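K.L.:
Can you keep this structure in mind? I'll have questions shortly.
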Amino acid sequence: MILDLARLLLFPALMTFAAASDLFTMTISNRVSLALAAGFLVLALASGMGAHDIMMHVGAGAAVLAIGFGCFAMGWVGGGDAKVAGAAALWFGFAHLMNYLLYASLFGGALTLLLLQFRQWPLPVLLAGQPWLTRLHAKETGIPYGIALAIGALMIYPETEWMKAVDLARLALR
Numbered sequence: 048m049i050l051d052l053a054r055l056l057l058f059p060a061l062m063t064f065a066a067a068s069d070l071f072t073m074t075i076s077n078r079v080s081l082a083l084a085a086g087f088l089v090l091a092l093a094s095g096m097g098a099h100d101i102m103m104h105v106g107a108g109a110a111v112l113a114i115g116f117g118c119f120a121m122g123w124v125g126g127g128d129a130k131v132a133g134a135a136a137l138w139f140g141f142a143h144l145m146n147y148l149l150y151a152s153l154f155g156g157a158l159t160l161l162l163l164q165f166r167q168w169p170l171p172v173l174l175a176g177q178p179w180l181t182r183l184h185a186k187e188t189g190i191p192y193g194i195a196l197a198i199g200a201l202m203i204y205p206e207t208e209w210m211k212a213v214d215l216a217r218l219a220l221r
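Residue numbers (our numbering): 48 to 221.
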């Protein structure tokens, strides 16, 4: 039961926290990425995932992390975004990686367009007292891409082995 609850809640909670953190502070703590990586390892071992499968997931995470750091070096994404994307890819492995990247890209594009439009309008006086909203509205501020990464991840997660392994009937009886 605890394993099922961890599968059901850990990854979505951490990705949601990453999105909220990026929205309100424009940063994602390294602790979130480390918690995602550690959570994957613990659940993979507790679930009986084989060494080959674990290494394939690690390979997917490492590939996305390397590409993410390349994007960070070019100034296209933040370092926290690159690390969270790599940690999320660790959970998805190669089986769901392309779908995750597609969703994250689509939501990232939509988020970028919405924020660019939002930044064209003056910020209403009632909202100007909110530091996070003022920062989000500033044209020189980047895009909190962690939001798109989290939404993309949450769209894909229900299709993964992690969720398919959850015994919802047993959880409902408790």
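Virtual Cβ for every residue (Gly too), placed ideally from N, Cα, C.
From a predicted model like this one, the values you see are computed outputs, not experimental measurements.
(1) Can the beta-carbon of Gly193 be found less than 7 Å from the beta-carbon of Val131?
(2) Measure the alpha-carbon distance for Tyr204 versus Phe139 and round it to whole angstroms.
(3) What are the start and end residues of the alpha helix (DSSP H) that includes Lys186?
(4) In angstroms with no decimal places, state the Cα-to-Cα distance between Leu56 and Leu88.
(5) Taking the CB atoms as reference points, tell me whether Phe71 and Trp179 lie closer together than 7 Å.
(6) With distance defined between alpha-carbon atoms, name the residue in Thr207, Ile101, His104 and Leu160 nearest to Gly189.
(7) From Leu144 to Lys186, what does the alpha carbon distance come to, in whole angstroms?
(8) Going by other Cβ atoms of all chains shown within 10 Å of its Cβ, with 16 needed for buried, is Met62 buried or exposed?
(9) Since Asp100 and Pro191 should fall inside the 8 Å C-beta cutoff, what is the C-beta to C-beta distance between them, to a whole number of angstroms?
P.N.:
Taking the coordinates as given:
(1) Residue numbering aside, residue 193 sits at position 146 when the sequence shown is read from its first letter. Residue numbering aside, residue 131 sits at position 84 when the sequence shown is read from its first letter. Yes. Within cutoff.
(2) Residue numbering aside, residue 204 sits at position 157 when the sequence shown is read from its first letter. Residue numbering aside, residue 139 sits at position 92 when the sequence shown is read from its first letter. Between Tyr204 and Phe139, the C-alpha separation is close to 8 Å.
(3) Locating residue 186 in the sequence shown gives position 139, where the first residue counts as 1. Premise fails: Lys186 is in no alpha helix (DSSP H) and is neither H nor E.
(4) Working through the sequence shown from its first residue, we reach residue 56 at position 9. Working through the sequence shown from its first residue, we reach residue 88 at position 41. One C-alpha to the other measures close to 15 Å.
(5) Reading the sequence shown from its first residue, position 24 is the one you call residue 71. Reading the sequence shown from its first residue, position 132 is the one you call residue 179. Cβ distance < 7 Å, so Phe71 and Trp179 count as in contact.
(6) Start at 1 with the first residue of the sequence shown, and residue 189 comes out as number 142. The shortest Cα separation from Gly189 among Thr207, Ile101, His104 and Leu160 belongs to Leu160.
(7) As a first step, residue 144 is located in the sequence shown; it is residue number 97 there, counting from the start. As a first step, residue 186 is located in the sequence shown; it is residue number 139 there, counting from the start. So the alpha carbons of these two residues sit roughly 32 Å apart.
(8) Counting from 1 along the sequence shown, the entry for residue 62 is found at position 15. Label assigned to Met62: buried.
(9) Here the question's residue 100 lines up with position 53 in the sequence shown. Here the question's residue 191 lines up with position 144 in the sequence shown. Not really, about 33 Å apart at Cβ, beyond 8 Å.
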